[in-house]
Amino acid sequence: MKHTVEVMISEQEVAQRIRELGQQITEHYQGSSDLVLVGLLRGSFVFMADLARQIHLTHQVDFMT
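Per full-length UniProt numbering, residue 1 is the first one in the sequence shown, and the count goes up by one each step.
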């Protein structure tokens, strides 16, 4: 059985949305000193790293398994 793989959301679209989320989080939590990003370890590491780089506030990143 052959499977066809179709790209539904491009890498560029994902990167753009991560930038938008980072900007929204930065604006929403401006002035906060206790921002913590929590990801579920399996599968979220790369996304969380990309998102954390787009948040221009002091924050911590943690993971749950």
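For each residue, glycine too, the CB sits at the ideal point set by N, CA and C.
Predicted model, so just to flag it, every value in this text is computed and none were measured.
Own chain, CB closer than 6 angstroms to residue i, minus 5 neighbours either side, in chain order
i	result
R19	Q54
Exposure of residue i, with buried meaning 16 or more beta-carbon neighbours within 10 Å
i	result
I25	buried
Residue j beta carbon less than 8 angstroms from that of residue i
i	j	result
Q35	H59	Reading off the sequence shown, one finds Leu at residue 35, where the question assumed Gln. A contact, by the Cβ cut-off of 8 angstroms.
L37	L57	no
Residues that DSSP places opposite residue i in a beta bridge
i	result
M64	L40
Other residues of its chain near residue i: CB distance less than 8 angstroms, five sequence neighbours each side excluded
i	result
F45	G39 and F63
Own chain partners of residue i with C-beta closer than 7 angstroms, once the 5 adjacent residues on each side are dropped
i	result
Y29	L35 and L57
**Q.** Secondary structure, beta strand (DSSP E): runs of 3+ residues fully inside the UniProt domain "Phosphoribosyltransferase" (12-58)
**A.** 35-40, all fully within the UniProt domain "Phosphoribosyltransferase" (12-58).
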